[in-house]
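**Student:** So in our numbering, spot 197 of the sequence shown is number 197, and the numbers just go up one at a time. Virtual Cβ for every residue (Gly too), placed ideally from N, Cα, C.
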Amino acid sequence: VEQHVNTHIRPGYILSTTGFKEGKRNPDLWGLNNKAMWARRYVHPHLYKIIAGEATAEELGPDLYYVPFFTERFCRELIEELEHYGKWQDKDKDDREESHQYTSTNINLSQIGFAKEYELVVLSLKKELLATLYGGYRGLPKSALLFVLKYSPNTHYNTFKYHLDGATYTFNIALNDNFTGGGLQFLLGNKHFNEERELTLAHNKTGWAVVQPDRPLHLHRGVALTSGTRYALINIVYTNGAGSKGGPMWV
């Protein structure tokens, strides 16, 4: 009896259930032991090309970049997970252990038990991305703050004032696009040399990240919505302990 193996058919994956958590809306987010599956589902394929130097990141201004980071599936499932959890912090009063100074509606990823998982995989990608964007810079990253903002129209937050984030750099990742208005504004350049200019970014590409250093030439603020609801994943990162408080510095 002749036998053969057909290598043109993908039979699927043998998955490890280690790390999956009960009671989650989308438990695959926690399936980090299945690295190939996790990356295929959740990491934007174009990101690897940028890291490898096979594609160029979109440069918005000096040292300010806009890159694809997550897939739409990751963004959708994370929003679903947060809404399933439902305990959004109410703007001005923050009595959580990981509190911060942003008067916004938000949930820290630690509250849904996803902070360690996020840092395990994603910060390694960010380190390699930063090395590509900033000429070999590979500081060991650590999250000062890691949370998701939920914006609604006609609500004022203190992030609508120009500020710095108080760490080494920030990743601001859009999780949805079904809104109008919103986005980010930057003040770039040195005002003392008449170089200062304002840049507005709609920031409505799902899964795309604004990568910005925390320095006086990169002041930024959020823009109010006119309709819909906007979700954004904010990761404020420092690469050394000195002066990195992980909170806004108002100007």
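Using only alpha-carbon positions, find the residue among K150, W208, L120, G182 that is nearest to S143.
**Tutor:** If you number the sequence shown from 1, residue 143 lands on position 143. Of the listed residues, the one whose Cα sits closest to S143 is L120.
**Student:** Are Y169 and V67 close, meaning C-beta to C-beta below 7 Å?
**Tutor:** Residue mapping note: residue 169 aligns to position 169 of the sequence shown, counting from 1. Residue mapping note: residue 67 aligns to position 67 of the sequence shown, counting from 1. Not closer than 7 Å, so no.
**Student:** Report the option in K24, L47, G23 whose CA atom is closest to the CA atom of V122.
**Tutor:** Taking the first residue of the sequence shown as 1, we reach residue 122 at position 122. Put simply, of K24, L47, G23 the residue whose alpha carbon is nearest the alpha carbon of V122 is L47.
**Student:** So P45 is in the alpha helix (DSSP H); what residue range does that whole segment cover?
**Tutor:** Within the sequence shown, residue 45 is the residue found at index 45, counting from 1. It spans 45 to 51 - the alpha helix (DSSP H) in which P45 sits, taken as one unbroken run.
**Student:** Please return the same chain residues whose Cβ sits closer than 7 Å to the Cβ of A131, not counting the five positions on each side in sequence.
**Tutor:** One-based indexing of the sequence shown puts residue 131 at position 131. Correct list, in chain order: Y137, R138.
**Student:** Is it a yes or a no for the segment 158 to 166 touching the segment 32 to 43, going by three-plus beta-carbon pairs under 8 Å?
**Tutor:** no
**Student:** Based on Cα-Cα distance, which residue from C75, S152, E59, K126 lies nearest to F179?
**Tutor:** In the sequence shown, counting from the first residue as 1, residue 179 sits at position 179. When only C-alpha atoms are compared, the closest one is S152.
**Student:** Going residue by residue through the segment 104 to 179, where are the continuous alpha helix (DSSP H) segments of at least 4 residues, counting only ones entirely within it?
**Tutor:** 115 to 133
**Student:** Whole alpha helix (DSSP H) runs in the segment 28 to 85 with 4 or more residues, listed along the chain?
**Tutor:** 35 to 42, 45 to 51, 72 to 85
**Student:** For G135, count the other beta carbons within 10 Å of its own beta carbon; 16 or more makes it buried, fewer makes it exposed. Which is it?
**Tutor:** The count along the sequence shown starts at 1 and reaches residue 135 at position 135. By the 10 Å Cβ count, G135 comes out exposed.
**Student:** For the beta strand (DSSP E) containing H220, list its first residue and its last residue.
**Tutor:** Here residue 220 is taken as the residue at index 220 of the sequence shown, counted from 1. First-last of the beta strand (DSSP E) with H220: 218 to 222.
**Student:** Identify, in the order they occur along the chain, each residue of the same chain with its Cβ nearer than 6 Å to the Cβ of D63, setting aside the five sequence neighbours on each side.
**Tutor:** The residue given as residue 63 occupies position 63 in the sequence shown. Cβ neighbours of D63 beyond the five flanking positions: P213.
**Student:** With a CB to CB cut of under 7 Å and the five nearest residues on each side skipped, what residues in its chain are close to L82?
**Tutor:** To locate residue 82, count along the sequence shown from 1; it is residue 82. Same-chain partners within the cutoff: I107, I112, V148.
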